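Chemist: Just so you know, the sequences run in chain order S and H.
Residue 154 in the working numbering sits at position 153 of the first sequence; the count goes up by one each step and never skips.
Residue 31 in the working numbering sits at position 30 of the second sequence; the count goes up by one each step and never skips.
Glycine included, C-beta positions come from ideal geometry on N, C-alpha and C.
Just so you know, these numbers come straight off a predicted model, no measurement behind them.
Could you have a look at this structure, given as structure tokens, before my questions?
Protein chains: 2
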Amino acid sequence: MENVTIRMLAERLQLSTATISKALNNSHEISEETRQRVLALAAELNYVPNPYASSLRKKASNTIAVVIPEVADSFFAEAINGIEAVAQEKGYHVLIYLSHENSQKEQTILKDFQSGRVDGVLISVTTETTATGLEQLVRDKPVVFFDRVCEEVKAAKITTDDATAAYRATTHLIAGGCRRIGLLSASRQLSISNKRAEGFQQALLDHQLPLLPNAITYCYNESAANYQLLKTAFLENDYDGIIATTEKLSTAVYEVCEALQWRIPEDLQVIGFSNLSTARFLNPSLTTITQPAFEMGKAAATLLFRALKSNNFPLQQQQEVIPSSLIARNSTLAKDK
Amino acid sequence: MENVTIRMLAERLQLSTATISKALNNSHEISEETRQRVLALAAELNYVPNPYASSLRKKASNTIAVVIPEVADSFFAEAINGIEAVAQEKGYHVLIYLSHENSQKEQTILKDFQSGRVDGVLISVTTETTATGLEQLVRDKPVVFFDRVCEEVKAAKITTDDATAAYRATTHLIAGGCRRIGLLSASRQLSISNKRAEGFQQALLDHQLPLLPNAITYCYNESAANYQLLKTAFLENDYDGIIATTEKLSTAVYEVCEALQWRIPEDLQVIGFSNLSTARFLNPSLTTITQPAFEMGKAAATLLFRALKSNNFPLQQQQEVIPSSLIARNSTLAKDK
DNA sequence: TTTATTTACTTAACCGATTAAGTAACATAG
DNA sequence: CTATGTTACTTAATCGGTTAAGTAAATAAA
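Shown next as structure tokens:
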């Protein structure tokens, strides 16, 4: 069975393809009667328009790209959910690209976007990303950064209150009696990592606590390597409190404590930036900084679609900070909020 | 700056567009010298081919679709990982569609595939799915079902050993002393749900245990509703062992036990079909049936690409069962494997 | 030497939609 | 009664590649 095209509809109805196209697109140039005839035949023959023909001509694909470091992370999974909810509603398609925390791969992905394959991009950069290639992308088409943004690039950004969250986390640990607090960071480059580090340091300062020489541990993207790194760091620094700034690192802390036979929270209080739905069922339940992942995805997508709809929307100036929340559980001792 | 097209390259080099196209596609018809000149200019002008022009002409999009009920589930997240790994390697693009456990939405998604937007489809159906629309899809283009397959449709399928896994889970509970075992099922229609139920019943039979009248609880897709449902079911049936056949349901059990103040495993032993990386850190650590999610995704994608490469590959006859594994932890008492 | 084949191209049709520009028929305004 | 508009179409160009078919020149085979 041949694919049904606009031309076939035209022939059957003794009309031009232009008329069919306009009828299907509800053009006012077409009489109601003709429109109905076209719609009827289209339905009867199960006509489905070829998106590529349309994209080629219109130079618009009704497709957006989502570039993230990984999917197996509650934050990104939930963010995709938020993005997809908006995209589905707007009739857009979502291409997912995983950079696997590899800026090389990310570059390759960004390069592909110069092809016009997608109308817009939502991106959360890798831990290694520098601005290279991103300015180009932002110049070329609508882009919204979310969570892991690139500070140097002037573009729309949806973030959470990273510095404040880290400040709050640190204060929470201090309130629980911690004096030797460590921070596990995913990256030296990432602005959200740096902001979290700043909030951390500011909190120590405000509470007259010294910054340990090895207060901040920069981790890898590989769990086996991190395991060794953390084990050593824990033993050398004798932390009494730790802030894990990513979900994976939160779990790693539990793993290392198990191995070292450090009790949580008696020996080490732990707070993790995590969206794990099971945080409350962990042993002990994990005090978290929970990010509004779904909302951030939704906000990012909403912003993007606004830009896609009206091209005079000043997308690059948009900034939105959605607050995270600290949920105190049993891995920390402070009783405050 | 205008977009660089093949035509522009042709004009600059005083060649025809056909030559350019062939040179870029490494056709043997083009001399090495010309090929190099074309490649050099293409690189210089940063030429990026328009995928839609190419897709339109070649009737191939180098894009596959992944249709899943949700992303916020370790199994699906990991499966995407596996799929993406293969797709990236093969130079394909991945469109993600979420059916949100809604067969209506799924239908809409499937309908879109008739447009030729994607060259192949990887799908894990909703809990409500009937065969409608799926046969059509399978007839139209390469499709591989994974995990949640549709039994009635003759098509390539990647599954795990559902019946065996449930049998093993049940036996494990029995070995731990359970006599009143319940099974939480996600669906009455899903073949994987039914297979798990079968394995469960067979194990009871083989161990001379009666099947409780309310042994199987069919759950909703909504956690608040499930919470109530399970609470009631637990109280009414006084289970001493429970098998949660999905990740979400596993967590729900912990929630309900907390509310009912039932201790795990003393009052209720729990085993869950789950790929949560935090299973071992739960309180108590959760005995799981862990599915090879990444591998299943990879296997499904590999199968699909084999079919996309050679069109005489008998895709519809492919069946692969990848074994799951039972990982005994503290939510159950049996000490076996 | 003539014919066949190979090499390295070009020409032009084509994929299936969209859309600027054109037109015939009819209505309305001046 | 002519000018102007409006309605409901059609014609043909276009988006940017790919590819079947054609060709001229060089090379090999008969």
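Exposed or buried, what is residue 20 of chain S when buried is set at 16 or more other beta-carbons lying within 10 Å of its beta-carbon?
Modeler: Classification for residue 20 of chain S: buried.
Chemist: Which residue marks the beginning of the beta strand (DSSP E) containing residue 158 of chain H, and which one marks its end?
Modeler: Note, residue 158 of chain H: beta strand (DSSP E), 157-161.
Chemist: Indicate the three-state DSSP secondary structure (helix, strand or coil) for residue 338 of chain S in the structure shown.
Modeler: Note that residue 338 of chain S scores a pLDDT of 46, beneath 50, so its modelled location is shaky; the value from the coordinates is reported in the next line. The answer is coil: DSSP assigns residue 338 of chain S none of H, G, I, E or B.
Chemist: Check the Cβ of residue 136 of chain H against every Cβ in chain S and list those closer than 8 angstroms, keeping chain order.
Modeler: Per Cβ cutoff of 8 angstroms: no residues; residue 136 of chain H is ~14 angstroms from chain S at best.
Chemist: Do you know offhand how far residue 80 of chain H's Cα is from residue 121 of chain S's?
Modeler: Taking the straight line from one Cα to the other gives about 26 angstroms.
Chemist: In chain S, which residues lie with their C-beta within 7 angstroms of the C-beta of residue 277 of chain H?
Modeler: Those within 7 angstroms of residue 277 of chain H in chain S are 279.
Chemist: Is the beta carbon of residue 257 of chain H less than 7 angstroms from the beta carbon of residue 243 of chain H?
Modeler: No.
Chemist: DSSP three-state label for residue 94 of chain S, please.
Modeler: Note: residue 94 of chain S maps to strand in three-state DSSP.
Chemist: Strictly under 7 angstroms for the Cβ-Cβ distance: is residue 100 of chain S near chain H by that measure?
Modeler: With 7 angstroms as the cut-off, residue 100 of chain S does not count as an interface residue toward chain H.
Chemist: Would you identify the three-state DSSP class for residue 282 of chain H, choosing helix, strand or coil?
Modeler: Here residue 282 of chain H sits in helix by DSSP.
Chemist: Quick check: the segment 78-95 of chain S against the segment 53-67 of chain S, are there 3 or more CB pairs under 8 angstroms?
Modeler: Contact between the segment 78-95 of chain S and the segment 53-67 of chain S is present, because at least three Cβ pairs lie under 8 angstroms.
Chemist: If we cut at 7 angstroms on Cβ distances, does residue 334 of chain H have a partner in chain S?
Modeler: No, its Cβ sits nowhere closer than 7 angstroms to a Cβ of chain S.
Chemist: For residue 308 of chain S, which residues of its own chain have a beta-carbon under 6 angstroms away from its beta-carbon, when the five flanking residues on both sides are left out?
Modeler: Excluding positions up to five away in sequence, the list reads 143, 314, 316.
Chemist: Output needed for residue 251 of chain H: all residues of its chain with C-beta closer than 6 angstroms, excluding positions within five of it in sequence on either side, in chain order.
Modeler: Excluding positions up to five away in sequence, the list reads 245, 273, 275.
Chemist: Closer than 7 angstroms, CB to CB, is residue 78 of chain H near chain S or not?
Modeler: Yes, residue 78 of chain H lies at the interface with chain S (some Cβ there is under 7 angstroms from its Cβ).
Chemist: Residue 118 of chain S touches chain H at which residues, Cβ-Cβ below 7 angstroms?
Modeler: Ordered by position in chain H, the residues that pass the 7 angstroms Cβ test against residue 118 of chain S are 52.
Chemist: Does residue 56 of chain S have its Cβ less than 7 angstroms from a Cβ in chain H?
Modeler: Interface residue, yes.
Chemist: Find the residues of chain H that neighbour residue 284 of chain S, judging by a C-beta separation of less than 8 angstroms, and give them in chain order.
Modeler: Per Cβ cutoff of 8 angstroms: 282, 283, 284, 285, 286.
Chemist: Note down, in chain order, every chain H residue with its Cβ under 8 angstroms from the Cβ of residue 82 of chain S.
Modeler: Near residue 82 of chain S (Cβ distances below 8 angstroms), the residues of chain H are 71, 72, 73, 99.
Chemist: Give me whichever residues DSSP pairs with residue 85 of chain H in a beta bridge.
Modeler: Partner(s): none; residue 85 of chain H has no beta bridge.
Chemist: Whole angstroms are fine: how far does the CA of residue 76 of chain H sit from the CA of residue 129 of chain S?
Modeler: Using only the alpha carbons, I get a separation of about 27 angstroms.
Chemist: Along the chain, where does the alpha helix (DSSP H) containing residue 201 of chain S start, and where does it finish?
Modeler: It spans 192-207 - the alpha helix (DSSP H) in which residue 201 of chain S sits, taken as one unbroken run.
Chemist: Run the CB neighbour count on residue 154 of chain H, radius 10 Å, all protein chains shown included, and call it buried at 16 or more, exposed below.
Modeler: Looking at its Cβ environment, which holds 16 or more other Cβ atoms inside 10 Å, residue 154 of chain H is buried.
Chemist: So, do the segment 7-25 of chain H and the segment 185-205 of chain S have three or more beta carbon pairs nearer to each other than 8 angstroms?
Modeler: At 8 angstroms Cβ cutoff, the stretches do not touch.
Chemist: Nearest chain S C-beta to residue 338 of chain H closer than 7 angstroms, yes or no?
Modeler: Note that residue 338 of chain H has pLDDT 47, beneath the 50 cutoff, so the model's placement of it is unreliable and no number is given.
Chemist: From residue 62 of chain H to residue 53 of chain S, what does the alpha carbon distance come to, in whole angstroms?
Modeler: If I take the Cα positions, the gap works out to 9 angstroms.
Chemist: For residue 223 of chain H, return the contacting residues in chain S, with the cut-off set at a CB-CB distance below 7 angstroms.
Modeler: Within chain S, no residue comes near residue 223 of chain H; the closest Cβ sits about 14 angstroms away, beyond 7 angstroms.
Chemist: Could you tell me which chain S residues have their CB closer than 7 angstroms to the CB of residue 95 of chain H, listed as they occur along the chain?
Modeler: 96, 97, listed in chain order.
Chemist: Between the C-alpha atoms of residue 46 of chain S and residue 287 of chain S, what's the straight-line distance to the nearest angstrom?
Modeler: Roughly 57 angstroms separates the two Cα atoms.
Chemist: Which first and last residues belong to the beta strand (DSSP E) in which residue 321 of chain H is found?
Modeler: From DSSP, the beta strand (DSSP E) with residue 321 of chain H extends over 320-323.
Chemist: So that I know if they touch, is there some Cβ in chain H lying closer than 7 angstroms to that of residue 1 of chain S?
Modeler: The structure shown has nothing for residue 1 of chain S, since chain S only spans 2 to 338.
Chemist: Could you please give me the residues that DSSP links to residue 1 of chain S through a beta bridge?
Modeler: What the structure shows of chain S is the stretch from 2 to 338, and residue 1 of chain S is not part of that stretch, so it cannot be assessed.
Chemist: With a cut-off of 7 angstroms, does the C-beta of residue 255 of chain H fall near any C-beta of chain S?
Modeler: Yes - at least one Cβ of chain S is within 7 angstroms of the one on residue 255 of chain H.
Chemist: Please return the same chain residues whose Cβ sits closer than 6 angstroms to the Cβ of residue 338 of chain H, not counting the five positions on each side in sequence.
Modeler: Interpretation of residue 338 of chain H is limited by its pLDDT of 47, a score under 50 that renders its predicted location unreliable; no figure is taken from the coordinates.
Chemist: Check whether the Cβ atoms of residue 219 of chain H and residue 227 of chain H lie closer than 7 angstroms to each other.
Modeler: Cβ distance not < 7 angstroms, so residue 219 of chain H and residue 227 of chain H don't count as in contact.
Chemist: Name the DSSP bridge partner or partners of residue 186 of chain H?
Modeler: For residue 186 of chain H, which the question treats as bridged, DSSP gives the partners H:219.
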